[in-house]
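Peer 1:
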Amino acid sequence: MALKIYNTLTRRKEIFTPFEEGRVGIYVCGPTVYDHPHIGHAKSYVSFDTVIRYLRHLGYKVRYVQNITDVGHLTDNADEGEDKIEKRAKLEQVEPMELVETYMRSYYEDMDALNNLRPDISPRATGHIPEQIDLVKRLIDKGFAYESNQSVYFDVSKLKDYGKLSGRKLEEQESGARIEINPEKKHPADFALWKKAESGHIMKWNSPWGVGFPGWHLECSVMSMKYLGETFDIHGGGIENVFPHHECEIAQSEAANELPFARYWMHNNMVTVNGQKMGKSLGNFVTLKDAFKIFSPLTIRFFVLNTHYSSPIDYSNEALDAADKGLERLYNTIRNLRERLESSNGAEGQEIWKTKLEKYKNTFEDAMNEDFNTAEAMAVIFNLTKEVNNLLNSDEEISKEVLSEIDAFYKTYGGNILGIVPEKTVQHGADDVDAYKIENDLIKTLIDTRNELRASKQWELADKIRDRLSELGIIIEDKKEKAAWRKK
RNA sequence: GGCGGCAUGGCCAAGUGGACUAAGGCAGCGGAUUGCAAAUCCGGUAUCCAGGGUUCGAAUCCCUGUGCCGCCUCCA
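Dropping the structure here:
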C-alpha cells in the first residue's frame with residue numbers, strides 16, 4: 036500500500052510521489068527563539084519527526100530542513116510594532132543574539148529530550164540576509180514588488196492565484212477589520228518583503244533600499260529553495276500559519292521562480308490547555324521544561340502521537356496521567372521480554388510468530404501509510420503487546436529467535452519510527468546495572484531476605500518490606516522463578 | 001462579517017459508505033492467577049450531538065439546527 040498524505044493545497048489525501056525518485060526534501064517551519072519552547076512545539080515537532088522517521092523507514096533518502104528564526108518579526112499588527120526578539124532582549128538586558136543563543140539551546144535541549152532527531156540543516160534567518168535581499172530584488176525586477184518609503188512590499192494584485200492555499204479571495208477579506216491600514220501599501224493585503232529600520236532598531240542590515248530588515252515570510256522561501264531546490268516535496272508547519280505565512284511564501288517563491296513551490300503542504304493542529312487556546316501572546320503556555328517536571332518527555336511524546344497530527348489536543352494533567360500509565364504498561368512488557376531474552380537458551384523457533392509479526396508489521400504500515408495515522412499505529416503495538424504478554428505468561432518454552440524477533444519489532448516500530456521505545460528500558464526499571472550498582476545490590480539484599488521470610492511464611496514481615504520499598508518508589512513483583520523489582 | 005474545522009462509551013481517541021455485532025489507551029466492574037499484593041490474562045460495558053434526506057446499505061455522503069474551536073495581528 037502506498038503512502039498517502041493529506042495535502043492542504045488540494046484539500047485531499049494524495050498518494051505521495053517524490054519529485055526525485057528515492058529522495059524527499061522536507062521543510063518545516065521552525066521556532067522563533069525568544070522564549071523557552073512550550074507544549075505546542077512538542078506537538079508540532081514530534082509529529083514531523085515521526086513523519087521523517089517513517090519516510091526514512093520507507094527507504095527514502097530524506098533531507099529535513101527546519102529553520103531557526105532569529106530575527107524577531109513584529110509584535111503586533113501587520114508589519115508594524117516592535118521586534119519580538121529585541122523586545123525580549125531589552126527586558127533581559129542582553130544582546131539580541133545572546134538571547135537567541137540561549138533559547139535556541141533551550142529549544143534543542145527539549146527537542147532532544149522528546150527524542151526528536153535533529154534536522155539535517157537548521158538554517159538561521161540572519162545567516163541568509165544576502166539571499167533574502169536577492170529574492171526581493173528579483174521580485175522587484177519582475178514587477179511583483181514595489182518600494183515604498185524604503186520598505187518593499189509584495190503586490191498581491193499581480194499574482195492571480197494568491198490565496199490558493201488558504202482558500203481566501205482578496206475581495207472577501209475585510210480589510211482593516213482588526214488592523215490599521217498601512218498607507219505605504221498599495222493594497223491592504225500586500226505584505227512586507229523588506230522593512231525600513233526605524234531609529235533604535237538593533238537588528239538591521241544594509242540593502243539597496245536603505246537600512247532595514249527582512250519581512251517574516253521571506254526567510255522560509257529563501258532557505259527552503261536554497262537547500263531543497265525551487266520545487267520540493269513537503270512543506271510542514273502549524274495550521275495557524277496557513278494564512279498569511281505559508282500563503283505569502285508561495286506567492287513570493289512562485290512569483291520569483293515561475294515554478295511550483297512545495298508540492299505537499301502538511302499542517303499540524305494546535306494544542307489547547309484545559310480547553311483553552313494556548314498562545315504566546317495569551318501568556319498561558321506550558322513550557323516543556325515545566326511539563327518535564329511532572330511527566331517524562333517520552334510520555335509527552337506518546338501523548339502527542341496518540342492523536343492524529345491534524346487534530347487538536349487538549350493538554351491536561353489527567354490526559355497525561357493516562358498516557359503515562361499506558362506507556363508504562365508497554366514498558367513493563369518490553370522489560371519482561373528483554374529479561375526473558377537474556378535468560379533464554381535456544382529451542383527451535385515457532386513459525387507461527389513469524390507470521391504474526393509479519394501481520395503486525397503490515398497493519399502498522401497500513402496505518403502509517405494513511406497520512407501518518409500514529410494513533411492507529413500505536414493501537415497495533417498494543418494489540419501485539421497483549422499477545423506478547425500471553426506468550427510470556429504461558430508455560431511453553433519460547434525460542435530465543437522468537438523473543439529477539441519480537442524485540443526487534445519493538446525496536447523498529449516502537450523505537451525507530453514512533454520514537455517511544457528506548458534502546459534500553461532503563462527509565463522505569465533496574466536494568467542499568469552499572470549506573471545504580473549500590474542501589475541494585477541493596478535492593479537485591481532486601482529481596483533475598485524477604486524471600487527467606489516468605490519461605491518460612493512470615494508474611495507480616497515480608498509484606499512490611501514490600502510496603503516500605505513501595506513508599507520509596509520501588510515496586511516488587513513476586514514471580515514464579517524470582518522476585519523482580521522496578522521503579523515506580 | 002468572510003474562510004475552515006470539529007461533535008464517537010465515564011475520560012482521551014481511531015475509524016469517514018458494506019466482515020462497525022465501532023480500534024487502542026485510561027478509569028471502573030466481574031473473574032483467573034497470587035499467601036496477600038503487584039504484574040498479566042479473560043469477560044461485560046457505545047448504535048456514533050439532534051432532526052430530516054440520499055442509498056439495497058451511513059458514525060461515514062447531503063440539508064437544517066445546536067454546541068465548540070481555529071484562521072482573517074504574532075504564534076508550532
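In the working numbering, the protein residues as written are 36 to 523. The beta carbon of each residue, even a glycine, is placed where N, CA and C say it ideally should be.
Using a threshold of 8 Å, state whether the C-beta atoms of residue 345 and residue 408 are closer than that.
Peer 2: Taking the first residue of the first sequence as position 1, residue 345 is located at position 310. Taking the first residue of the first sequence as position 1, residue 408 is located at position 373. Going by C-beta atoms, residue 345 is not nearer than 8 Å to residue 408.
Peer 1: Near residue 39, which residues of its chain fall below 7 Å by C-beta distance, leaving aside the five closest residues on each side in sequence?
Peer 2: If you number the first sequence from 1, residue 39 lands on position 4. Counting only Cβ-Cβ distances below 7 Å, and skipping sequence neighbours, we find 48, 49, 50, 51, 404, 405 and 406.
Peer 1: Quick one: what does DSSP say residue 91 is sitting in, helix, strand or coil?
Peer 2: Looking up residue 91 in the first sequence gives position 56. Note: residue 91 maps to helix in three-state DSSP.
Peer 1: Straight-line CA distance for residue 53 to residue 60?
Peer 2: For this step, residue 53 is matched to residue 18 along the first sequence. For this step, residue 60 is matched to residue 25 along the first sequence. Cα to Cα, residue 53 sits roughly 8 Å from residue 60.
Peer 1: Excluding the 5 residues preceding and the 5 following residue 57 in the sequence, name in chain order all residues of the same chain whose CB lies nearer than 8 Å to its CB.
Peer 2: Here residue 57 refers to the residue found at position 22 of the first sequence. Result list for residue 57: 94, 95 and 96, in chain order.
Peer 1: Out of curiosity, what's the CA-to-CA distance linking residue 265 and residue 273?
Peer 2: Position 230 of the first sequence, counted from the first residue, corresponds to residue 265. Position 238 of the first sequence, counted from the first residue, corresponds to residue 273. Whole-angstrom Cα-Cα distance: 22 Å.
Peer 1: State the DSSP-derived secondary structure class of residue 332, mapped to helix, strand or coil.
Peer 2: Here residue 332 refers to the residue found at position 297 when the first sequence is read from its first residue. Residue 332: helix per DSSP, three-state reduction.
Peer 1: From 382, 331 and 347, pick the residue whose C-alpha is nearest to that of residue 357; which is it?
Peer 2: Here residue 357 is taken as the residue at index 322 of the first sequence, counted from 1. The candidate whose alpha carbon is nearest that of residue 357 is 331.
Peer 1: CB-CB under 8 Å to residue 231, same chain, minus the five flanking residues each way: which ones, in chain order?
Peer 2: Numbered from 1 along the first sequence, position 196 holds the residue referred to as residue 231. Excluding residues within five positions, the ones whose Cβ falls inside 8 Å are 184, 185, 186, 244, 245, 246 and 247.
Peer 1: For residue 431, which of helix, strand or coil comes out of DSSP?
Peer 2: Looking up residue 431 in the first sequence gives position 396. Three-state result, residue 431: coil.
Peer 1: Could you give the distance in angstroms between the alpha-carbon of residue 141 and the alpha-carbon of residue 103?
Peer 2: Position 106 of the first sequence holds residue 141. Position 68 of the first sequence holds residue 103. Cα to Cα, residue 141 sits roughly 12 Å from residue 103.
Peer 1: Taking C-alpha atoms, which residue in 219, 491, 455 and 242 lies nearest to residue 84?
Peer 2: For the purposes of this step, residue 84 is taken as the residue at position 49 of the first sequence. Here the closest residue by C-alpha is 455.
Peer 1: What does a CB cutoff of less than 7 Å around residue 101 pick up in its chain, not counting 5 residues either side in sequence?
Peer 2: In the first sequence, residue 101 corresponds to position 66, counting from 1. So the qualifying residues of the chain are 63, 65, 154 and 157.
Peer 1: Alpha carbon to alpha carbon, what distance is there between residue 196 and residue 290?
Peer 2: Along the first sequence, read from residue 1 onward, the residue named residue 290 stands at position 255. Along the first sequence, read from residue 1 onward, the residue named residue 196 stands at position 161. The straight-line gap from Cα to Cα measures roughly 10 Å.
Peer 1: Helix or strand or just coil, what does DSSP make of residue 114?
Peer 2: Position 79 of the first sequence, counted from the start, is the residue given in the question as residue 114. Residue confidence for residue 114 is low, a pLDDT of 49 falling below 50, so the modelled location carries little weight and cannot support an answer.
Peer 1: Ignoring anything shorter than 4 residues, give me the alpha helix (DSSP H) runs that lie fully in the stretch 312–392, in order along the chain.
Peer 2: Whole alpha helix (DSSP H) segments, 4+ residues: 323–329, 332–340 and 352–378.
Peer 1: I'd like the span of the beta strand (DSSP E) that includes residue 186, first residue to last.
Peer 2: Translated into the one-based positions of the first sequence, residue 186 becomes position 151. From DSSP, the beta strand (DSSP E) with residue 186 extends over 186–189.
Peer 1: Any chance the CB of residue 132 is under 7 Å from a heavy atom of the ligand NAD?
Peer 2: Of the ligands one can find in the structure shown there are none, so the ligand NAD has no counterpart to examine.
Peer 1: For residue 201, tell me which candidate among 423, 421 and 279 has the shortest Cα-Cα distance.
Peer 2: Locating residue 201 in the first sequence gives position 166, where the first residue counts as 1. Residue 279 is the option with its Cα nearest to residue 201.
Peer 1: State buried or exposed for residue 126, treating a residue as buried only when at least 16 other CB atoms are found within 10 Å of its CB.
Peer 2: Along the first sequence, one-based indexing puts residue 126 at 91. The residue is exposed, with fewer than 16 neighbouring Cβ atoms inside 10 Å.
Peer 1: Does the beta-carbon distance from residue 413 to residue 355 come in below 8 Å?
Peer 2: Residue numbering aside, residue 413 sits at position 378 when the first sequence is read from its first letter. Residue numbering aside, residue 355 sits at position 320 when the first sequence is read from its first letter. Result no, Cβ atoms of residue 413 and residue 355 do not sit closer than 8 Å.
Peer 1: Just how far apart, CA to CA, sit residue 261 and residue 138?
Peer 2: Counted from its first residue, the first sequence places residue 261 at position 226. Counted from its first residue, the first sequence places residue 138 at position 103. Near 25 Å, if we compare the C-alpha coordinates of residue 138 and residue 261.
Peer 1: Using CA atoms only, rank isn't needed, just tell me which of 439, 364, 415 and 327 is closest to residue 147.
Peer 2: Position 112 of the first sequence, counted from the start, is the residue given in the question as residue 147. Checked all of 439, 364, 415 and 327; the closest Cα to residue 147 is 327.
Peer 1: Exposed or buried, what is residue 178 when buried is set at 16 or more other beta-carbons lying within 10 Å of its beta-carbon?
Peer 2: Here residue 178 corresponds to residue number 143 of the first sequence, with the count starting at 1. Answer is exposed; the Cβ neighbour count stays below 16.
Peer 1: For my contact list, residue 449 and residue 416 are in at a C-beta cut-off of 8 Å; report their separation, rounded to the angstrom.
Peer 2: Taking the first residue of the first sequence as 1, we reach residue 449 at position 414. Taking the first residue of the first sequence as 1, we reach residue 416 at position 381. Their Cβ separation, rounded to whole angstroms, is 6 Å, which keeps residue 449 and residue 416 in contact under 8 Å.
Peer 1: Measure how close the beta-carbons of residue 423 and residue 496 come, nearest whole angstrom, since I'm counting them as under 8 Å.
Peer 2: Translated into the one-based positions of the first sequence, residue 423 becomes position 388. Translated into the one-based positions of the first sequence, residue 496 becomes position 461. About 35 Å; that fails the 8 Å criterion.
Peer 1: DSSP on residue 103, reduced to helix/strand/coil?
Peer 2: Numbered from its first residue, the first sequence carries residue 103 at position 68. Here residue 103 sits in strand by DSSP.
Peer 1: Using the C-alpha atoms, what's the distance from residue 168 back to residue 180?
Peer 2: Numbered from its first residue, the first sequence carries residue 180 at position 145. Numbered from its first residue, the first sequence carries residue 168 at position 133. Their Cα atoms are separated by approximately 12 Å.
Peer 1: From residue 130 to residue 86, what does the alpha carbon distance come to, in whole angstroms?
Peer 2: Indexing the first sequence from 1 puts residue 130 at position 95. Indexing the first sequence from 1 puts residue 86 at position 51. Roughly 36 Å between the two C-alpha positions.
Peer 1: What residue from 241, 292 and 171 has the CA that sits closest to residue 251's CA?
Peer 2: Here residue 251 corresponds to residue number 216 of the first sequence, with the count starting at 1. Ranking 241, 292 and 171 by Cα distance to residue 251 puts 171 first.
Peer 1: In whole angstroms, what separates the C-alpha of residue 381 from that of residue 367?
Peer 2: Looking up residue 381 in the first sequence gives position 346. Looking up residue 367 in the first sequence gives position 332. In a straight line, the C-alpha of residue 381 is about 23 Å away from that of residue 367.
Peer 1: Would you report the Cα separation of residue 386 and residue 434, rounded to the nearest angstrom?
Peer 2: Locating residue 386 in the first sequence gives position 351, counting from the first residue. Locating residue 434 in the first sequence gives position 399, counting from the first residue. Going from the Cα of residue 386 to the Cα of residue 434 covers about 10 Å.
Peer 1: Buried or exposed, going by whether 16 or more other CB atoms sit within 10 Å of the CB of residue 249?
Peer 2: Working through the first sequence from its first residue, we reach residue 249 at position 214. Residue 249 should be labelled buried.
Peer 1: Buried or exposed for residue 67, please, with buried defined as at least 16 other CB atoms from any protein chain shown within 10 angstroms of its CB.
Peer 2: The count along the first sequence starts at 1 and reaches residue 67 at position 32. With 16 or more other Cβ atoms within 10 Å, it is buried.
Peer 1: Among residues of its own chain, excluding the 5 on either side of residue 462, which ones have a beta-carbon nearer than 7 Å to its beta-carbon?
Peer 2: Counted from its first residue, the first sequence places residue 462 at position 427. Low confidence applies here, because residue 462 scores a pLDDT of 39, under 50, leaving its location unreliable and the question unanswered by this model.
Peer 1: Taking residue 262 as part of the alpha helix (DSSP H), name the residues at either end of that continuous run.
Peer 2: Numbered from its first residue, the first sequence carries residue 262 at position 227. Unbroken alpha helix (DSSP H) run through residue 262: 253–263.
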